[in-house]
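Peer 1: Quick one: the structure is below, questions incoming.
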Amino acid sequence: MEIDIEEPTRPQLAAVFGVSSRWIGELRSKGDLPEDGASLLENIEAWAQAKYGLDGAQDALDLDAESARLKKEQADSKAMDNAERRRELASLPDMSGAVIAVIAMAVSRLSQVGMIVAKGDHKLRARIEKAVNDALKELSVAKVEKARGGGLDAEEAAEED
Numbered sequence: 001m002e003i004d005i006e007e008p009t010r011p012q013l014a015a016v017f018g019v020s021s022r023w024i025g026e027l028r029s030k031g032d033l034p035e036d037g038a039s040l041l042e043n044i045e046a047w048a049q050a051k052y053g054l055d056g057a058q059d060a061l062d063l064d065a066e067s068a069r070l071k072k073e074q075a076d077s078k079a080m081d082n083a084e085r086r087r088e089l090a091s092l093p094d095m096s097g098a099v100i101a102v103i104a105m106a107v108s109r110l111s112q113v114g115m116i117v118a119k120g121d122h123k124l125r126a127r128i129e130k131a132v133n134d135a136l137k138e139l140s141v142a143k144v145e146k147a148r149g150g151g152l153d154a155e156e157a158a159e160e161d
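Here full-length UniProt numbering is used: the first residue of the sequence shown is 1, the next is one more, and so on.
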């Protein structure tokens, strides 16, 4: 959610403060927060005043740092959106799906090697298929997941073997 720094809306303020939009409305009706049209900085100052009191507001919240952090977060979010649109960045599910599709295609092609190479020699075909299947086990998705830091836990791995 992009937050308007000049005139934030009630839902935007609720997201910044981590409260409900209704709570923001109640604070506004009590006069603890400024009405619509106030800047984000004015709202933050009023919120800190209402929450911590005059002395606590100055110590508890560095408004410049908070404003800078918010601007940086918005800039980072926009940069990531732009990179994704330019196809410089892809999501993990998209990349995982692409890798799995390539593995499936390779398994399909490698499964045909024994039949193509051995032609009518059944013993040779069995040896080739065994070697290909052993290689495919080494390249299994479970091993890819384990190398990536996820994958099966000990119980699931034992059941699979």
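The beta carbon of each residue, even a glycine, is placed where N, CA and C say it ideally should be.
Bear in mind that the values here come from a model prediction, so they are computed numbers and not experimental data.
#1: Just to confirm the assignment, what range does the alpha helix (DSSP H) spanning S39 have?
#2: So, V102 versus V132, is the Cβ gap smaller than 8 Å?
#3: Thinking just about the alpha-carbon of each residue, which of W47, D121, K137 is nearest to the one in V19?
#4: Using the beta-carbon count (16 or more within 10 Å), is L40 buried or exposed?
#5: Alpha helix (DSSP H) containing R85: first to last residue?
#6: Please determine, among K119, V107, L124, S111, the residue with the shortest C-alpha to C-alpha distance to S140.
#7: Indicate the three-state DSSP secondary structure (helix, strand or coil) for E26 in the structure shown.
Peer 2: The short version:
#1: One-based indexing of the sequence shown puts residue 39 at position 39. Going by DSSP, S39 is part of no alpha helix (DSSP H) at all; its letter is neither H nor E.
#2: As a first step, residue 102 must be located in the sequence shown, where it is residue number 102. As a first step, residue 132 must be located in the sequence shown, where it is residue number 132. Note that the C-beta distance between V102 and V132 is not below 8 Å.
#3: The residue given as residue 19 occupies position 19 in the sequence shown. In terms of Cα proximity to V19, the closest of W47, D121, K137 is W47.
#4: By 1-based counting over the sequence shown, the position of residue 40 is 40. With 16 or more other Cβ atoms inside 10 Å of its own Cβ, L40 counts as buried.
#5: Residue 85 sits at position 85 when you count from the first residue of the sequence shown. Counting along the chain, the unbroken alpha helix (DSSP H) around R85 starts and ends at 63-85.
#6: Taking the first residue of the sequence shown as 1, we reach residue 140 at position 140. Ranked by how close their Cα comes to the Cα of S140, the residues K119, V107, L124, S111 have V107 in first place.
#7: By 1-based counting over the sequence shown, the position of residue 26 is 26. Helix at E26.
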